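Chemist:
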Amino acid sequence: MALAASFTLAFPSISLSSRTRISSSGSCYPLRCSIQNSSLSVSVPDTTISKCNETLSAIQNSGIIACLRAESAELAFEAARAALNGGITVLEIVMSNPGVFEVLQQLVHEYPTKIIGVGTVLNLEDAKHAISHGAKFLLSPAMGILDDVSCSKALYIPGAMTPTEILSAFSSGAKMIKVYPVSALGGIQYIAALKKPFPHIPLIASQGITVDLVGEYIAHGATSVVLSDAIFSKKAMGERNFETIYQLSRSAASQAIEAVERCYREL
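Numbering of the sequence shown is given in our numbering, commencing with residue 53 and proceeding in unit increments.
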């Protein structure tokens, strides 16, 4: 019989009992939390919770999520392989990619130690298909399907823009939240401002971020950043220049790891 964890449905007591990462700005990001029972509870297999926590930790330790958009399944395969071979450990495949679920399933098979998920998930049906094909996380601007997948095998990461939306998502059970469009909202300074009232909420910065800014975003409180064109540049994708994608991935992964390690050293 599988072990199970109890989640309180009324008057929960939440304790941050995990290892945390703290930046020079004073931000901290809990890797997990324990929710202690005070009354009625439901059971969720520990193995499921463990998988979500492992994904959460992997995203934090990576510092970057490479976001892939391609015009064909074949191009998506080759570009993804170049990025993953270049050191990318967390890859998001956007729903608009042709053959997205087949691409996902094949990459999960080829790279079992990598964290591969699906982005721009807009409905529950797509979420279920992504999970059944091996997605370890889902990124979505939609909050409505959070309750339906929060106890699944995939980590659900909703998108938000304002402080009110961020707090609402976190209060609804999100363990990590994507801030989009971050560059249009003030970039690094916006993340730094958000971490003042929300030091306990892991935030992923997304939109318009270049490789040279990865370290600054992490130093100012971002748990991770999404890199799209910075890795899968339109020129490289158009020319099928997978060597360039490989080199961009190496550079991005190296800078992200250095930034994350710098934060840990400041503990």
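Every residue gets a Cβ at the ideal spot worked out from N, C-alpha and C, and that includes glycine.
These numbers come from a predicted model, not from an experiment.
Bridge partners of residue 142, per DSSP?
Modeler: 167
Chemist: Nearest to residue 318 by alpha carbon, out of 207, 198, 272, 109?
Modeler: 272
Chemist: Report the option in 132, 108, 168, 107 whose CA atom is closest to the CA atom of residue 293.
Modeler: 132
Chemist: Can you name the residues that DSSP bridges to residue 231?
Modeler: When DSSP reads this structure, residue 231 sits in a beta bridge with 212, 257.
Chemist: For residue 305, report the span of its alpha helix (DSSP H) as first-last.
Modeler: 294–317
Chemist: With respect to the beta strand (DSSP E) encompassing residue 116, which residues constitute its N-terminal and C-terminal limits?
Modeler: 116–120
Chemist: Over the uninterrupted beta strand (DSSP E) stretch that includes residue 278, give me the two end residues.
Modeler: 276–279
Chemist: Grab me the residues of residue 174's own chain with a C-beta within less than 6 Å of its C-beta, minus the 5 sequence neighbours each way, in chain order.
Modeler: Closer than 6 Å at the Cβ level, and outside the excluded window around residue 174, lie 194.
Chemist: In angstroms with no decimal places, state the Cα-to-Cα distance between residue 212 and residue 126.
Modeler: 32 Å
Chemist: Measuring only the C-alpha atoms, how far is residue 306 from residue 221?
Modeler: 31 Å
Chemist: Alpha carbon to alpha carbon, how far is residue 253 from residue 179? Give it in angstroms, no decimals.
Modeler: 23 Å
Chemist: Expressed to the nearest angstrom, what Euclidean distance is found between the alpha-carbon atoms of residue 270 and residue 115?
Modeler: Going from the Cα of residue 270 to the Cα of residue 115 covers about 7 Å.
Chemist: Could you name the residues of the same chain whose beta carbon sits closer than 8 Å to that of residue 197, not counting the 5 residues immediately before and after it, in chain order?
Modeler: 173, 175, 176, 179, 208
Chemist: Name the two residues that bound the continuous beta strand (DSSP E) containing residue 190.
Modeler: 189–192
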